[in-house]
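Visitor: Residue numbers (the UniProt record's numbering): 1 to 214.
Beta carbons: idealized from backbone N, C-alpha and C, even for Gly.
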Amino acid sequence: MSNIPRRAAFIAIEGLDRSGKTTQVATLQTRLQAEGIPVKLLKFPVDRTTAIGQMIDSYLRSQSELDDRAIHLLFSANRWELAASIEQLLAAGTTVVCDRYAFSGVAFSTAKGLSLDWCRSPDVSLPAPDLTLFLDITPEQARSRGGYGEERYEKEEMQRKVRDVFHQISSEFTAATWVTIDAGREREDVAEDVWNFVRQLTGGLSSPLERLWE
Ligand code: Z5A
């Protein structure tokens, strides 16, 4: 038997607007809890009431303007604020499930015209998810779920560009660490796929947590 202590898994749920991230993260939490697995949900941007969170919130609601690079760095700083607690939770055996992570940061800012390499750099060395589930949906399917809302990026052309960058990012990962799920189906079918991938990690991992893009 290995002497390496096991840790819990770090799972990121990524996707476009209206792809069902909130819905699937909630279902996954219920399922993990039913299996007796401790779980912590995080949603980025985290807590729109912190100083950084307030700046992000005001920007997303178009109540303030910021340079594209400045807002990108704020999103990244928002993740770094939580990096140490993510590591502590995993080491203590709590599965961490993130609703959006650094891949959203890269996808949205690259879609605005910044270079992909530049966008990646502030997030280099963050805890890397053991598994990223990308909920893929076409802009047409997203529209059928009630249309886009009032926030800054909730426009079809932007969402198309973001989807293209997500597909580009996914090509850099192995099939073991990045899975694209067709999120245009019934909630229950999507949830079943999510669970089938996540449950493979619920026994914990003996490998150390990796660092993003290192
Ligand atoms: N952003 C960034 O620029 N940089 C960064 O680093 C980060 C984020 C982290 C945050 O938005 C914005 O910040 C986001 C990216 C940017 N901008 N955009 N777009 P957010 O996270 O607050 O909002 P969101 O991610 O776009 O969430 P959402 O619109 O609420 O979508 P969702 O969570 O993916 O979906 P949902 O709430 O689960 O479902 C949406 C609706 O569809 C709802 O009525 C459901 O009941 C319904 N639904 C869900 N699943 C289904 C299925 N399978 N069939 C039919 N209907 C369904």
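1. If you run the structure through DSSP and keep just helix, strand and coil, what is residue 31?
2. Using the beta-carbon count (16 or more within 10 Å), is residue 14 buried or exposed?
3. Rounded to whole angstroms, what is the Cα-Cα separation between residue 20 and residue 149?
4. Would you report the Cα separation of residue 183 and residue 123, rounded to the nearest angstrom?
5. Can you list, in chain order, the residues of its chain whose CB lies under 7 Å from that of residue 180, leaving out five sequence neighbours each side?
6. Given a cut-off of 9 Å on the beta-carbon distance, is the pair residue 166 and residue 103 in contact?
7. Is the beta carbon of residue 96 within less than 8 Å of some heavy atom of ligand 1?
8. Does the distance from the CB of residue 95 to the CB of residue 32 come in under 9 Å?
9. Can you tell me which residues form a DSSP beta bridge with residue 39?
10. Is the distance from the Cβ of residue 131 to the Cβ of residue 25 below 9 Å?
11. If distances are taken between C-alpha atoms only, which option among 74, 78 and 82 comes closest to residue 40?
12. Please give the ranges of any alpha helix (DSSP H) in the region 110-160, keeping only runs that are unbroken, at least 4 residues long and fully inside the region.
13. Who pairs with residue 15 in a beta bridge, going by DSSP?
14. Here's the rule: buried if 16 or more other CB atoms are within 10 angstroms of the residue's CB, otherwise exposed. What is residue 78?
15. Going by C-alpha to C-alpha distance, which of 34, 30 and 117 sits closest to residue 72?
16. Could you give the residue range of the alpha helix (DSSP H) that holds residue 195?
17. How would you call residue 92, buried or exposed, if buried means at least 16 neighbouring beta carbons within 10 angstroms?
18. Going by other Cβ atoms of all chains shown within 10 Å of its Cβ, with 16 needed for buried, is residue 178 buried or exposed?
19. Is residue 126 close to ligand 1? I mean its beta-carbon at under 8 Å from any heavy atom of the ligand.
20. Can you give me the start and stop residues for the alpha helix (DSSP H) that residue 57 sits inside?
21. Where residue 35 and residue 129 are concerned, what is the direct C-alpha to C-alpha distance, given to the nearest angstrom?
22. Count the other CB atoms within 10 Å of the CB of residue 230; is the residue buried (16 or more) or exposed (fewer)?
Guide: The short version:
1. For the purposes of this step, residue 31 is taken as the residue at position 31 of the sequence shown. Residue 31: helix per DSSP, three-state reduction.
2. As a first step, residue 14 is located in the sequence shown; it is residue number 14 there, counting from the start. With 16 or more other Cβ atoms within 10 Å, it is buried.
3. If you number the sequence shown from 1, residue 20 lands on position 20. If you number the sequence shown from 1, residue 149 lands on position 149. If I take the Cα positions, the gap works out to 15 Å.
4. Indexing the sequence shown from 1 puts residue 183 at position 183. Indexing the sequence shown from 1 puts residue 123 at position 123. So the alpha carbons of these two residues sit roughly 26 Å apart.
5. Start at 1 with the first residue of the sequence shown, and residue 180 comes out as number 180. Excluding sequence neighbours, residue 180 sits near 134, 136 and 170.
6. Indexing the sequence shown from 1 puts residue 166 at position 166. Indexing the sequence shown from 1 puts residue 103 at position 103. Taking 9 Å as the Cβ cut-off, residue 166 and residue 103 qualify as a contacting pair.
7. Position 96 of the sequence shown holds residue 96. Outside the cutoff, so no.
8. Residue mapping note: residue 95 aligns to position 95 of the sequence shown, counting from 1. Residue mapping note: residue 32 aligns to position 32 of the sequence shown, counting from 1. Contact: yes.
9. If you number the sequence shown from 1, residue 39 lands on position 39. Answer is 95.
10. Start at 1 with the first residue of the sequence shown, and residue 131 comes out as number 131. Start at 1 with the first residue of the sequence shown, and residue 25 comes out as number 25. No, the pair does not count as a contact, with Cβ atoms beyond the cut-off.
11. As a first step, residue 40 must be located in the sequence shown, where it is residue number 40. Among 74, 78 and 82, the Cα nearest to that of residue 40 belongs to 82.
12. 116-120 and 139-144
13. Start at 1 with the first residue of the sequence shown, and residue 15 comes out as number 15. Its beta-bridge partners are 135.
14. As a position in the sequence shown, residue 78 is number 78, starting the count at 1. If you draw a 10 Å sphere on the C-beta of residue 78, you find 16 or more other C-beta atoms in it, and that means buried.
15. Position 72 of the sequence shown, counting from 1, holds the residue named residue 72. It is 117.
16. Your numbering for residue 195 matches position 195 in the sequence shown. Segment 187-198, the alpha helix (DSSP H) holding residue 195.
17. On the sequence shown, residue 92 is found 92 positions in, with the first residue counted as 1. With fewer than 16 Cβ atoms within 10 Å of its Cβ, residue 92 is classed as exposed.
18. Counting from one through the sequence shown, the residue named residue 178 turns up at place 178. It is buried - the Cβ of residue 178 has at least 16 other Cβ atoms within 10 Å.
19. Here residue 126 corresponds to residue number 126 of the sequence shown, with the count starting at 1. Incorrect: residue 126 has no Cβ contact closer than 8 Å to ligand 1.
20. The residue you call residue 57 lines up with position 57 of the sequence shown. Its alpha helix (DSSP H) spans residues 51-60.
21. For this step, residue 35 is matched to residue 35 along the sequence shown. For this step, residue 129 is matched to residue 129 along the sequence shown. The straight-line gap from Cα to Cα measures roughly 21 Å.
22. Lying before the first or after the last residue shown, residue 230 is absent from the chain, which here runs from 1 to 214.
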